[in-house]
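Participant:
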Amino acid sequence: MKDIFKKAVPVLAKLEQAGFEAYFVGGSVRDTLLRRPVADIDIATSAFPEEVKQVFTRTFDTGIEHGTVSVLEAGEIYEITTFRTEGTYADFRRPDEVVFIRSLEKDLERRDFTMNAIAMGLDGRFIDPFGGQKDMAKKQIRAVGVPFERFHEDALRMMRGVRFVSQLCFDLEKNTYDAILQNSELLENIAVERIAVEFVKLMRGEAVKVALPLLHELGILPFLPGLKGRKDALERLDKWDLAAVKDETTIWFVVVLAVQPVNVSIFLRAWKLPNKLIRDVTKAYALADKTVWSDYELFVTGMDTVALIEKGRFVRTGITVWDALHTRFAGFCVQSRSDIKATGNDIMAWTGKKGGPWLKVLLAQLDQAIIEGDIANTPEEIKGWVKHVIS
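Per full-length UniProt numbering, the sequence shown starts with residue 1, numbered consecutively.
So, in structure tokens, the structure goes:
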């Protein structure tokens, strides 16, 4: 048993000592069986929320309407969720009702894929009523029970299935594949933010080039903002080296390079991405094909943006000049505008002039003069330069 589970054993033990069942469930159990790293754990129990709160001294109602109570134990916070069944899903996203139950098997029955419907007890024994271990041995992703029902409960599960293809290098089991193909339009009911999370995870996967074509094959592409009918973008991505594309900003920059939208900002806003990411990617895309840089251009563009541009170049061509550009950056006497020993207020005080467009132009000229070594970065030199320029 991994250390992360051993540390949580007292939580399960307390529940069992109080007369309840308790198990590790979900992705942590799956990843343990696959010998993959386990980042966090989920605990499921036959104890109802109020009963969980009676067992532990310090608890927090983090999602009590869905049966989840957080407990503080030995300095760690653990989420404990009551076994439950769920009613109908009128919106294909959330259950219309949640019913707390005492049966582990009934709880596992509502989960998405068999590999995620395995529980592990205090003794390290696995409870696997739906054959998840057999499916993992076959490297296949199979929906629990009737795939049609699972995807109508939460349509995002179809996107998750393709994401798992990318992450685990597994295939979709035939009935599961067919059910996604027949129900992909249900994704129009899913919040784009949830789809974006799955898409980013898909892009980080080892088998991303297997998973991306599935988005087209299974009819999912029309429900990804800005990608309807854009099989050509997937084909570009297939030709590129995506192995190093891991951080979120680089992922979206590479996607934009493949899609080539008329308006990058509008494309990214449709995915409801953070404003800073949108600004960073939009700025880099405008300069994506730039290969010759003056020192001043490097300075005003910024090291982070140039690094992003060079990542995109390497993904597309296998060539990058980042090392040389980074060396030039490191040799600059200033790394950002804040390093320059004069501000706009200083210049207004020296000149007796009020702010205006002239000041922005002068500050840019000052940056260039310092970067190119025409003047030293000292208040005295800058003051003399300013008086000379405006005289």
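Positions of the beta carbon are idealized from the N, C-alpha and C atoms, including for glycine.
The structure displayed is predicted, hence computed values, not measured ones.
For Phe148, which residues from the same chain have a beta carbon less than 6 Å from its beta carbon, with the 5 sequence-adjacent residues on both sides left out?
Facilitator: Closer than 6 Å at the Cβ level, and outside the excluded window around Phe148, lie Ala179.
Participant: So, does the segment 28-37 touch the segment 61-75, judging by three or more C-beta pairs under 8 Å?
Facilitator: At 8 Å Cβ cutoff, the stretches do not touch.
Participant: When we look at the beta-carbon of Asp358 and count the other beta-carbons within 10 Å, is it buried (16 or more) or exposed?
Facilitator: Looking at the sequence itself, residue 358 is Trp, so the reference to Asp does not match. With fewer than 16 Cβ atoms within 10 Å of its Cβ, Trp358 is classed as exposed.
Participant: Quick one: what's Ile80 bridged to in DSSP?
Facilitator: According to DSSP, which records beta bridges pairwise, Ile80 is partnered with Ile43, Val69.
Participant: With three or more C-beta pairs closer than 8 Å as the rule, is the segment 141-161 touching the segment 106-115?
Facilitator: At 8 Å Cβ cutoff, the stretches touch.
Participant: So the alpha helix (DSSP H) Asp346 belongs to, where does it begin and stop?
Facilitator: Segment 344-351, the alpha helix (DSSP H) holding Asp346.
Participant: Let me confirm a value: Glu198 is counted as buried when at least 16 other C-beta atoms fall within 10 Å, else exposed. Which label applies?
Facilitator: Buried, since its Cβ has 16 or more Cβ neighbours within 10 Å.
Participant: Considering only DSSP beta bridges, list what Ala22 is partnered with.
Facilitator: DSSP output for Ala22 lists Thr45 as bridge partner(s).
Participant: Use the C-beta contact count for Gly161: other C-beta atoms within 10 angstroms, 16 or more gives buried, fewer gives exposed.
Facilitator: Answer is buried; the Cβ neighbour count reaches 16.
Participant: Where DSSP assigns a beta bridge to Ile141, which residues make up the other side?
Facilitator: Per DSSP, Leu172.
Participant: Considering Cα atoms alone, identify which of Thr301, Leu218, Arg313, Thr291 is closest to Val256.
Facilitator: Nearest of Thr301, Leu218, Arg313, Thr291 to Val256, Cα basis: Arg313.
Participant: Can you list, in chain order, the residues of its chain whose CB lies under 7 Å from that of Ser103, leaving out five sequence neighbours each side?
Facilitator: Within the same chain, Ser103 has close Cβ partners Phe83.
Participant: Return the CA-CA distance between Thr327 and Thr317, expressed in angstroms with no decimal places.
Facilitator: Distance between the alpha carbons of Thr327 and Thr317 is about 22 Å.
Participant: Should Lys311 go down as buried or exposed, given a rule of 16 or more other Cβ atoms within 10 Å for buried?
Facilitator: Lys311 should be labelled buried.
Participant: On the criterion of 16 or more Cβ atoms from any shown chain inside 10 Å, does Met1 qualify as buried, or is it exposed?
Facilitator: Met1 should be labelled exposed.
Participant: With which residues is residue 395 paired in a DSSP beta bridge?
Facilitator: An answer regarding residue 395 cannot be provided, because it is not within the stretch 1 to 391 covered by the chain.
Participant: Could you check where the beta strand (DSSP E) with Asp61 kicks off and where it finishes?
Facilitator: From DSSP, the beta strand (DSSP E) with Asp61 extends over 59-63.
Participant: Taking the alpha helix (DSSP H) that Phe56 belongs to, which residues open and close that run?
Facilitator: That residue, Phe56, is in no alpha helix (DSSP H); it is neither H nor E in DSSP.
Participant: So is the beta-carbon of Lys246 under 6 Å away from any non-hydrogen atom of the ligand FMN?
Facilitator: Of ligands this structure carries none, so the ligand FMN is not represented either.
Participant: Excluding the 5 residues preceding and the 5 following Asp171 in the sequence, name in chain order all residues of the same chain whose CB lies nearer than 6 Å to its CB.
Facilitator: The residues are Gln140.
Participant: Cα separation between Ala74 and Val292?
Facilitator: Taking the straight line joining both Cα atoms gives about 57 Å.
Participant: Touching or not, the segment 335-343 and the segment 371-388, by the rule of three or more beta carbon pairs under 8 Å?
Facilitator: Contact holds: three or more Cβ-Cβ distances are below 8 Å.
Participant: State buried or exposed for Ser184, treating a residue as buried only when at least 16 other CB atoms are found within 10 Å of its CB.
Facilitator: Label assigned to Ser184: buried.
Participant: Taking only runs that begin and end inside the segment 160-248, name each unbroken beta strand (DSSP E) of 3 or more residues, in chain order.
Facilitator: Here no run is fully enclosed.
Participant: Tell whether a beta-carbon distance below 7 Å holds between Leu234 and Leu212.
Facilitator: Yes, these two residues count as a Cβ contact at 7 Å.
Participant: Which of the three DSSP states, helix, strand or coil, is assigned to Ala270?
Facilitator: Three-state DSSP puts Ala270 in a helix.
Participant: Could you tell me the distance, in whole angstroms, from the CA atom of Ala196 to the CA atom of Leu224?
Facilitator: If you take the alpha carbons of Ala196 and Leu224, they lie about 8 Å apart.
Participant: Is the separation between the beta-carbon of Ile278 and that of Ser265 shorter than 7 Å?
Facilitator: Closer than 7 Å, so yes.
Participant: Can you tell me where the beta strand (DSSP E) with Phe100 in it begins and where it stops?
Facilitator: Residues 98-100.
Participant: Closer than 8 Å by C-beta to Val300: which residues in its own chain qualify, once you throw out the five before and the five after it? Chain order, please.
Facilitator: If we look at Val300 and ignore the five residues flanking it on each side, its Cβ neighbours are Ala364, Asp367.
Participant: For the alpha helix (DSSP H) that contains Met303, what are its first and last residues?
Facilitator: That run of the alpha helix (DSSP H) goes 303-317.
Participant: Determine the burial state of Val208: buried for a count of at least 16 other Cβ atoms within 10 Å of its Cβ, exposed for fewer.
Facilitator: Val208 is buried by the Cβ-count criterion.
Participant: In this structure, what does DSSP give as the bridge partners for Met120?
Facilitator: The partner list for Met120 (beta bridge, DSSP) reads Phe24, Phe126.
Participant: Alpha carbon to alpha carbon, what distance is there between Leu156 and Arg194?
Facilitator: Going from the Cα of Arg194 to the Cα of Leu156 covers about 8 Å.
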